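**Q**
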Amino acid sequence: MRMVFRWFGNGNDQVSLNHIKQIPGVEGIVWSLHDIPAGEEWPLERIEEVKQQADEHGFHIDVVESVNVHEDIKLGLPARDKYIENYKRTIEKLAKAGAKVICYNFMPVFDWTRTELDKRLEDGSTALFYEKAKVESMDPIELVEKIAANQDFTMPGWEPERLKSLKRLFTAYSQVTTENLWDNLQYFLEQIIPVAEVNDIKMAIHPDDPPWPIFGLPRLITSQDNIRRLLKLVDSPYNGVTLCSGSLGANPTNNIPDMVREFADRIPFAHIRNLKVYQNGDFVETSHRTEDGTVDIYAIVKAYHDSGFAGYARPDHGRHIWDEKCRPGYGLYDRALGIMYLWGLWDSVERQ
Ligand code: CS2
Ligand code: MN
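Structure, rendered in structure tokens:
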């Protein structure tokens with residue numbers, strides 16, 4: 001297990017590389033060029049700038065999260081070919097700078113969705129929360145605007161330009177069925193994976209969060225069966241998955257340790273975190289500890305270990321603790337605690 005830590009970049013993250021350096025066992029940063037709109041080709045100089053910053057702290061930049069997929073690709077519109085060409089050029093440049101894994105997602109319109117970004121937990125910390133009834137009853141545009149308005153940070157997946165075009169996107173997606181979306185994903189992968197292969201970069205799709213359709217939009221990467229289907233769309237080791245226990249774990253019928261064992265050689269990147277799912281379908285993000293949530297983190301880490309997992313892993317999200325002012329889900333402290341829990345599990349399984 002090669003531990004990495006998400007970093008949003010100089011001036012865009014309250015966490016510094018100096019601080020990340022002090023978390024035991026972190027070897028690289030998980031990064032992106034967050035200001036470049038989906039669909040555009042990434043400039044090599046910008047990639048090299050991040051590489052240089054990472055180098056100065058002894059970190060690698062092997063894992064990119066994300067290179068976002070333009071909505072026209074997901075919608076299957078004619079303009080997709082242009083955006084796919086740009087995506088290929090970005091893969092080539094990332095390879096030149098030494099990147100090894102690209103995490104991306106194929107969720108229509110929204111990336112992850114929550115109804116509250118600072119839900120108070122019993123211990124006084126706050127965390128991301130999803131209230132099912134609210135999502136099912138509220139107008140998506142109203143909900144999203146309300147949440148984004150209360151934020152100091154631009155959150156990935158919730159960029160202002162994306163929010164501005166919500167109405168247009170909803171109309172466009174009203175024509176797209178789940179099967180259409182699978183076809184559009186296949187079209188994308190058939191073009192991208194050969195380029196990834198030549199450049200030795202593994203593509204790793206992130207599961208949908210939450211793992212079910214919301215606001216009437218189709219969603220694909222939600223279950224073990226669907227991940228199996230995804231891997232067969234293009235049957236190459238370069239077509240892989242970012243197995244996110246937090247996203248998949250919101251549906252308690254998902255057996256994540258089983259997925260780890262089945263897909264082990266197609267998981268270049270693991271997101272490992274816990275959450276608590278309630279009877280009514282609401283869920284809240286918790287500490288990483290198995291006992292604190294409904295996802296069996298011990299069993300997941302053991303499954304990775306048993307499978308000889310040598311890929312990258314990150315603690316994904318954390319709670320906001322010790323009065324830290326931070327990006328929602330991306331404080332330093334709880335993610336660092338999460339890493340120590342993951343290492344503790346890993347080391348003890350290793351010694352057994
Ligand atoms: C998620 C996503 O894992 C996460 O933190 O909240 O924002 C994820 O980065 C994207 O879906 C990957 O494309
Ligand atoms: Mn994740």
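So the sequence shown is residues 1 to 352, counted in UniProt numbering. No residue lacks a Cβ here, since even glycine has one placed at the ideal position from N, Cα and C. Small disclaimer: the values here were computed from a predicted structure and weren't measured.
(1) Between I288 and ligand 2, is the CB less than 7 Å from at least one heavy atom?
(2) In this structure, does DSSP put D118 in helix, strand or coil?
(3) Select from L275, N12, F5, S236 the residue whose C-alpha is nearest the C-alpha of Q22.
(4) Check whether the Cβ atoms of V277 and F263 sit closer than 8 Å, and answer yes or no.
(5) Should D282 be listed as close to ligand 2, given that the test is whether its C-beta is under 7 Å from any heavy atom?
(6) Hey, quick one: how far does the alpha helix (DSSP H) through N239 stretch, first residue to last?
(7) Check for me: the beta strand (DSSP E) holding I221 runs from which residue to which?
(8) State buried or exposed for V198, treating a residue as buried only when at least 16 other CB atoms are found within 10 Å of its CB.
(9) So which residues put a beta carbon under 6 Å from any heavy atom of ligand 2, going in chain order?
(10) Compute every distance between the C-beta of N105 and the non-hydrogen atoms of ligand 3, then say whether any falls below 7 Å.
(11) V295 to R273, Cα distance in whole Å?
(12) Starting from Y104, trace the beta strand (DSSP E) both ways and give me its first and last residue.
(13) According to DSSP, simplified to helix, strand and coil, what is L128?
(14) Do L163 and K74 have their CB atoms nearer than 8 Å?
(15) Under a Cβ-count criterion, where at least 16 other Cβ atoms within 10 Å of its own Cβ denotes burial, should P257 be classed as buried or exposed?
(16) Could you name the residues that DSSP lists as bridge partners for E285?
(17) What are the boundary residues of the beta strand (DSSP E) that includes V26?
(18) Can you name the residues that DSSP bridges to V64?
(19) Roughly how many angstroms lie between the CA atoms of D235 and V135, to the nearest whole one?
(20) Write down the C-beta distance between L121 and R319 rounded to the nearest angstrom, noting that I regard them as a contact closer than 8 Å.
(21) Can you tell me whether DSSP reads M3 as helix, strand or coil?
(22) Taking M203 as part of the beta strand (DSSP E), name the residues at either end of that continuous run.
(23) Is C244 near D316, with beta carbons less than 8 Å apart?
(24) Name, in chain order, the residues that DSSP records as bridge partners for Y87.
(25) When we look at the beta-carbon of P78 and count the other beta-carbons within 10 Å, is it buried (16 or more) or exposed?
(26) Using only the alpha-carbon positions, how far apart do A148 and N239 sit?
(27) Are there any heavy atoms of ligand 1 lying less than 7 Å away from the beta-carbon of S66, as far as the coordinates show?
(28) Whose C-beta lies closer than 8 Å to the C-beta of L345 among residues of the same chain, with five residues either side of it excluded?
(29) Name, in chain order, the residues that DSSP records as bridge partners for Y312.
(30) Output the distance between the C-alpha atoms of F170 and P211, rounded to the nearest integer angstrom.
(31) Distance check for A313 and A270, CA to CA, integer angstroms please.
**A** A quick look at the data gives this:
(1) Going by the sequence as given, residue 288 is His instead of Ile. No, the beta carbon of H288 sits no closer than 7 Å to any heavy atom of ligand 2.
(2) Three-state result, D118: strand.
(3) Put simply, of L275, N12, F5, S236 the residue whose alpha carbon is nearest the alpha carbon of Q22 is F5.
(4) In this structure, the beta-carbon distance from V277 to F263 does not fall below 8 Å.
(5) Not one heavy atom of ligand 2 lies closer than 7 Å to the C-beta of D282.
(6) For N239, there is no enclosing alpha helix (DSSP H); the residue is part of the beta strand (DSSP E) that begins and ends at 239-244.
(7) Premise fails: I221 is in no beta strand (DSSP E) and is neither H nor E.
(8) Exposed.
(9) Going by the Cβ distance cut-off, the answer is H206, C244, G246, S247, H271, D316.
(10) With respect to ligand 3, the structure shown offers nothing to examine, as its ligands consist of ligand 1 and ligand 2.
(11) V295 and R273: Cα-Cα distance of roughly 8 Å.
(12) First-last of the beta strand (DSSP E) with Y104: 101-104.
(13) Residue state, collapsed to three classes: strand.
(14) Between L163 and K74, the C-beta gap is not smaller than 8 Å, which leaves the two residues out of contact.
(15) The residue is buried, with at least 16 neighbouring Cβ atoms inside 10 Å.
(16) The secondary-structure analysis by DSSP pairs E285 across a beta bridge with L275.
(17) Annotation for V26: the continuous beta strand (DSSP E) segment containing it runs 26-31.
(18) Partner residues in the beta bridge of V64, as assigned by DSSP, are W31, I102.
(19) Rounded to whole angstroms, D235 to V135 spans 35 Å at the Cα level.
(20) At roughly 7 Å, the Cβ-Cβ gap stays under 8 Å, so L121 and R319 are in contact.
(21) Here M3 carries a strand assignment [DSSP, helix/strand/coil].
(22) That run of the beta strand (DSSP E) goes 202-205.
(23) It is a contact, given that the beta carbons lie within the stated cut-off.
(24) Among the bridge pairs identified by DSSP, Y87 is matched with none.
(25) Looking at its Cβ environment, which holds fewer than 16 other Cβ atoms inside 10 Å, P78 is exposed.
(26) Straight-line Cα distance between these residues: approximately 33 Å.
(27) For ligand 1, at least one heavy atom lies less than 7 Å from the Cβ of S66.
(28) Same-chain partners within the cutoff: I297, Y298, V301, K302.
(29) Partner(s): R2, F269.
(30) Taking the straight line from one Cα to the other gives about 19 Å.
(31) A270 and A313: Cα-Cα distance of roughly 4 Å.
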